[in-house]
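K.L.:
Numbering (this note's numbering), first residue to last: 2 to 260.
#1: Going by other Cβ atoms of all chains shown within 10 Å of its Cβ, with 16 needed for buried, is residue 160 buried or exposed?
#2: Who pairs with residue 140 in a beta bridge, going by DSSP?
#3: Can you give, in chain order, each stretch of the beta strand (DSSP E) that sits fully within the segment 189-237 and has at least 3 residues?
#4: Between which residues of its own chain and residue 75 is the CB-CB distance below 8 Å, once the five residues before and five after are set aside?
#5: Got a sec? Which residues, its chain only, sit under 8 Å from residue 86 by beta carbon, not counting five neighbours each side?
#6: So, helix, strand or coil for residue 258, using DSSP?
#7: So what does DSSP say about residue 151, is it helix, strand or coil?
#8: Need the endpoints of the beta strand (DSSP E) that residue 38 sits in, please.
#9: So residue 230 packs on residue 26, CB below 8 Å; how close in whole Å?
#10: Measuring alpha carbon to alpha carbon, tell me which of 190, 170, 203, 131 ends up nearest residue 210.
#11: Mind checking who residue 22 pairs with in its DSSP beta bridge?
#12: Residue 1 by DSSP, collapsed to three states: which one?
#13: May I ask you to list the residues that DSSP assigns as paired with residue 118?
#14: Taking the C-alpha atoms as reference points, what is the distance between residue 115 and residue 31?
#15: Among 99, 41, 205, 22, whose alpha-carbon lies nearest the alpha-carbon of residue 68?
#16: What would DSSP say about residue 56, mapped onto helix, strand or coil?
#17: With C-beta atoms as the reference, is residue 10 less than 8 Å away from residue 141?
So, in structure tokens, the structure goes:
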């Protein structure tokens with residue numbers, strides 16, 4: 002789903018080249034029917050199974066968008082011309098453009114305090130269902146951002162508990178206080194990337210009320226998912242009975258959508 006940082010967050014679902022404003026459907030009954038077809042979001046070919054949220058197996062192996070350093074930027078070699086040339090099966094030009102750009106390390110409250118790396122601040126915070134976030138550092142490439150993230154992971158989590166996030170069960174911490182406390186954990190040569198902006202950004206999601214329990218549903222187990230849409234958070238549709246549906250997990254799936 003496409004997102005806009007507004008109050009509340011605006012969600013738009015791209016379906017059959019048409020944008021649907023999902024906020025307008027809160028409290029309405031919707032039907033999602035899987036048409037037993039998956040097309041790779043990279044090459045378009047039909048595939049029996051989706052890998053890494055939308056890729057066929059060959060693209061999963063060869064696309065730069067699925068390389069190991071996307072999830073682990075500390076392993077990125079794109080900033081080093083000698084090492085980058087070793088990546089023979091990937092699109093080196095794309096990797097250089099993607100990895101060698103200004104990158105942020107951030108702290109966020111999603112299910113609790115977490116650290117992350119992104120080139121796209123607002124989108125990343127929203128996709129993770131964060132309710133608050135703050136910039137921690139700004140680096141000229143993803144490799145350096147990954148080095149900072151690795152250092153901070155010794156003290157804070159780098160993953161979100163989707164169950165707690167969707168129940169809005171968030172362990173609160175003062176982001177400004179934690180930002181300056183964690184700065185002291187960095188080695189001296191990384192201090193130059195510390196971000197001076199202490200603005201705490203807040204995100205409010207279009208959710209009528211949060212459930213006490215959540216149950217994930219997907220098209221691998223059922224072809225029709227329907228119910229009253231009760232909210233949207235992260236990349237999840239939330240139904241009024243506690244079921245939740247991860248939209249991004251189903252990239253490339255052919256779906257009939259009915260209101």
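Ideal Cβ positions, reconstructed from N, Cα and C, are used throughout, including at glycine.
P.N.:
Reading off the structure:
#1: For the purposes of this step, residue 160 is identified with residue 159 of the chain shown, where counting begins at 1. When all chains shown are included, residue 160 counts as exposed.
#2: Numbered from its first residue, the chain shown carries residue 140 at position 139. In the DSSP output, where bridge partners are listed per residue, residue 140 has 104.
#3: The qualifying runs are 216-218, 225-234.
#4: Taking the chain shown and counting its residues from 1, one reaches residue 75 at position 74. Apart from sequence neighbours up to five positions away, the residues of its chain that approach residue 75 with a beta-carbon distance below 8 Å are 144, 147, 148, 150, 151, ordered along the chain.
#5: As a first step, residue 86 must be located in the chain shown, where it is residue number 85. Only weak support exists for where residue 86 lies, its pLDDT of 49 falling under 50; the value from the coordinates is given anyway. Only 93 meet the Cβ criterion.
#6: Reading the chain shown from its first residue, position 257 is the one you call residue 258. Residue state, collapsed to three classes: strand.
#7: Here residue 151 corresponds to residue number 150 of the chain shown, with the count starting at 1. DSSP, reduced to helix, strand and coil, places residue 151 within a helical segment of the structure shown.
#8: For this step, residue 38 is matched to residue 37 along the chain shown. Start and end: 30-39.
#9: Here residue 230 refers to the residue found at position 229 when the chain shown is read from its first residue. Here residue 26 refers to the residue found at position 25 when the chain shown is read from its first residue. With 8 Å as the limit, residue 230 and residue 26 qualify as a contact, their Cβ atoms being about 5 Å apart.
#10: Position 209 of the chain shown, counted from the start, is the residue given in the question as residue 210. Taking only the C-alpha atoms, the option nearest residue 210 is 170.
#11: In the chain shown, the residue the question calls residue 22 occupies position 21. DSSP, once it has assigned bridges, lists 13 as partnering residue 22.
#12: Since the displayed the chain opens at 2 and closes at 260, residue 1 lies outside it and no answer follows.
#13: Position 117 of the chain shown, counting from 1, holds the residue named residue 118. According to DSSP, residue 118 bridges with 106.
#14: Locating residue 115 in the chain shown gives position 114, counting from the first residue. Locating residue 31 in the chain shown gives position 30, counting from the first residue. Inter-residue distance for residue 115 and residue 31 is about 33 Å (C-alpha atoms, whole angstroms).
#15: For the purposes of this step, residue 68 is taken as the residue at position 67 of the chain shown. The option with the nearest alpha carbon to residue 68 is 99.
#16: Translated into positions along the chain shown, residue 56 becomes position 55. If DSSP states are grouped into helix, strand and coil, residue 56 belongs with the strands.
#17: Locating residue 10 in the chain shown gives position 9, counting from the first residue. Locating residue 141 in the chain shown gives position 140, counting from the first residue. For residue 10 and residue 141, no; Cβs fall outside 8 Å.
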